[in-house]
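A.B. asks: Below is a structure I'd like to ask you about.
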Amino acid sequence: MDRFAIRPEDPDQPLEEIWPPFGLRLETPRLALRVLRETDFPAWVAAATSGVVRGERNPFAHAWNENSPEELVRGSLPWLWSTRASVGPDSWTLLFGVFLKPVERHGMIRTGGDDGAAAPVVRAGEQLIGMQDCAASEWPVLATVSSGSWLRADHQGVGCGREMRAAMLQWAFDHVGAAFAESGAYSWNEPSRRVSLGLGYQEVGRRRVSDAQGRCAEWEDQFRLAAEDFRRPDWTVGVQGSDRLRAFISADA
2 MDRFAIRPED PDQPLEEIWP PFGLRLETPR LALRVLRETD FPAWVAAATS GVVRGERNPF
62 AHAWNENSPE ELVRGSLPWL WSTRASVGPD SWTLLFGVFL KPVERHGMIR TGGDDGAAAP
122 VVRAGEQLIG MQDCAASEWP VLATVSSGSW LRADHQGVGC GREMRAAMLQ WAFDHVGAAF
182 AESGAYSWNE PSRRVSLGLG YQEVGRRRVS DAQGRCAEWE DQFRLAAEDF RRPDWTVGVQ
242 GSDRLRAFIS ADA
């Protein structure tokens, strides 16, 4: 495993070495997932304000996407910053930007495990089209990740949602040792339910929750996936920077 170490008095040490979450990159045939940084915020704002809901009902736990662009920036960017404090041995939250790779790079992924710092994490020509979150609490005991996601409406319905979740799951199960993954969706949110069930999640419960606007009660279906039940795609995720990240969040680092 790569060791997390800082070179004293070296102003040229790469940002990805100083803050290893920024060095993590996952690749699928069409997509690249990497943790958002400030230079991605303009693209994030453009994607988030482009429309992320097709129907009349809001699928999110909170109606962040219904705010004006100005209020969305005021409320969401501080939240994006705040998750950096949630990276440690007991709990962590990673907010992956989902980037569409240029057409000429579709299908080009590395499949040999963690490839360290073999190539830049940020690459030209990639378009931010959504987000894939991955979080854990009481990680040493539970070894369970939870997730949430969104996509621009104009990139929905073509399998990107399943592809980006499958990338996150392969990384969580194969590279950081997760035993379970959990997710949830309103009972009427059929696209989200199909992604979960198609990847092998089992429906394990239902709970009463507030809707996105906090006005009405909804039923939320809860899903759980054991590592051995994961229905893997016919491709293997390419991973860069995971070993150094594991060393960074380890209690022994």
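So the number in this note's numbering is just where the residue sits in the sequence shown, counting from 1, plus 1. Idealized CB from N, CA, C, for every residue including glycine. Note that the coordinates shown come from a computational prediction; the quantities given were computed from them, not determined experimentally.
(1) If contacts are defined as beta-carbon pairs under 8 Å, then Leu303 and Val99 qualify, I think. What distance do you get, rounded to the angstrom?
(2) For Val99, write down the residues that DSSP places opposite it in a beta bridge.
(3) Leaving out five residues on either side along the sequence, give the residues of the same chain with a beta carbon under 6 Å from the beta carbon of Ala236.
(4) Is Arg124 helix, strand or coil by DSSP?
(5) To which residues does DSSP link Arg207 through a beta bridge?
(6) Keeping to the same chain, check which residues put their C-beta closer than 8 Å to that of Ala186; ignore five residues upstream and five downstream.
(7) Which term fits Arg208, buried or exposed, when burial requires 16 or more other beta carbons within 10 angstroms of its beta carbon?
(8) In or out: Glu164 buried (at least 16 other Cβ within 10 Å) or exposed?
(9) Counting only the same chain and skipping the five closest in sequence on each side, list residues whose C-beta sits under 8 Å from that of Ser243.
(10) For Gly178, which of helix, strand or coil comes out of DSSP?
(11) Does the beta-carbon distance from Ala137 to Phe181 come in below 7 Å?
(12) Can you give the Cα-Cα distance for Thr50 and Pro70, rounded to whole angstroms?
(13) Between which two residues does the beta strand (DSSP E) containing Ala75 stretch?
(14) By the 10 Å Cβ neighbour count, where 16 or more other Cβ atoms means buried, how is Leu101 classified, buried or exposed?
(15) Over what stretch of residues does the beta strand (DSSP E) that includes Trp151 continue unbroken?
(16) According to DSSP, simplified to helix, strand and coil, what is Glu10?
(17) Report yes or no: do three or more beta-carbon pairs, one from the stretch 82-91 and one from the stretch 129-143, lie closer than 8 Å?
(18) Suppose you measure from the CA of Arg245 to the CA of Arg8; what does that come to, to the nearest Å?
C.D. replies: From the atom records:
(1) The question about residue 303 has no answer here: the residues shown for the chain are numbered 2 through 254.
(2) Leu34, Gly131
(3) The amino acid at residue 236 is misidentified as Ala; the sequence shows Trp. Closer than 6 Å at the Cβ level, and outside the excluded window around Trp236, lie Pro30.
(4) Arg124: coil per DSSP, three-state reduction.
(5) In the DSSP output, where bridge partners are listed per residue, Arg207 has Asp222.
(6) Pro60, Ser193, Arg194, Ser197, Glu221, Asp222, Phe224
(7) exposed
(8) buried
(9) Listed in chain order, the non-local C-beta contacts of Ser243 below 8 Å within the same chain comprise Leu25, Asp115, Trp172, His176, Val177, local neighbours out to five positions each way being set aside.
(10) coil
(11) Contact: no.
(12) 6 Å
(13) According to the sequence provided, residue 75 is Arg. The question's Ala does not apply to it. Unbroken run through Arg75 is the alpha helix (DSSP H), 70-83; no beta strand (DSSP E).
(14) buried
(15) Per DSSP, Trp151 belongs to the beta strand (DSSP E) from 145-152.
(16) coil
(17) yes
(18) 15 Å
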